[in-house]
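Asks:
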Amino acid sequence: MKNVLFAILALFFVVSCGTSKPVVVKRSVPTKTVKKTPDLKPLESNFSGKVNAQIQEILKDAQKYLGAPYKYAGNSSAGFDCSGLVSKVFDENNTKLPRRSEDQSNVGKPINIRDTKPGDLVFFATAGGSRVSHVGIVHDIGSNGEVKFIHASTSKGVIISSLNEKYWNKAYLFARRVL
């Protein structure tokens, strides 16, 4: 019994944020680990402040889920995990994304954090190391370059957080533009 419990706990810690359902993803490059980026402070943003209508809709749809609880493998207002929120919001806007955060990290093009704008995706290694285990949608870029993102937190549900927060700053891996 102890071995079974240990195996279940070990599996929980190594699974990426997302469902365990098989996902078929066409990739030109295999998933890889990435090198951690240096501390993000201070940040000078290149964001112009302008957001197109498609991104405004994505942000509006993400915001309607603020306060929804966290639910492992969840992708509805009854509960979300991080990648479930991202895939649901983009799906509502006619953009299909893979279900798992690690798979989402291979979609679109890589961008420098200074070039992020609302609607871009930010990826994190929340268990340490360099393996993608969390994703959020860039929500806003402050006048001081502060990147805020909307995501499903395991402890607080769907919330807006900042890359200036020590935890997220340390866990940050990279950003990608899907649209």
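Here the sequence shown stands for residues -17 to -1, 1 to 162, where the numbers follow mature numbering (1 follows the signal peptide of the UniProt record, and there is no 0). Glycine included, C-beta positions come from ideal geometry on N, C-alpha and C. All values derive from a computational prediction rather than experimental measurement.
On the DSSP letters alone, give me the boundaries of the alpha helix (DSSP H) that ILE96 sits inside.
Replies: No alpha helix (DSSP H) holds ILE96; DSSP gives it neither H nor E.
Asks: When the Cα of ILE94 is compared with those of ARG83, SER116, PHE157 and SER60, which residue comes out closest?
Replies: Nearest option by C-alpha distance: PHE157.
Asks: Counting beta carbon pairs with one atom in the region 54 to 73 and one in the region 118 to 128, are three or more of them shorter than 8 Å?
Replies: Judged by Cβ distances under 8 Å, the region 118 to 128 makes contact with the region 54 to 73, as three or more pairs qualify.
Asks: Let me know the beta strand (DSSP E) ranges lying completely inside the region 112 to 153, each 3 residues or longer, listed in chain order.
Replies: Entirely contained in the region 112 to 153, the beta strand (DSSP E) runs reaching 3 residues are, in chain order, 117 to 124, 130 to 136 and 140 to 145.
Asks: Taking all protein chains shown into account, decide if SER88 is buried (16 or more other Cβ within 10 angstroms of its Cβ) or exposed.
Replies: SER88 should be labelled buried.
Asks: Would you kindly work out how many angstroms separate the C-alpha atoms of VAL72 and LEU49, rounded to a whole number?
Replies: Using only the alpha carbons, I get a separation of about 12 Å.
Asks: Given PRO52, which residues of its chain have a CB within under 6 Å of its CB, disregarding the five upstream and five downstream residues?
Replies: Counting only Cβ-Cβ distances below 6 Å, and skipping sequence neighbours, we find GLY62 and GLY140.
Asks: Which residue marks the beginning of the beta strand (DSSP E) containing LEU156, and which one marks its end?
Replies: From DSSP, the beta strand (DSSP E) with LEU156 extends over 155 to 160.
Asks: Between which two residues does the beta strand (DSSP E) containing LEU104 stretch?
Replies: LEU104 -> beta strand (DSSP E) spans 104 to 107.
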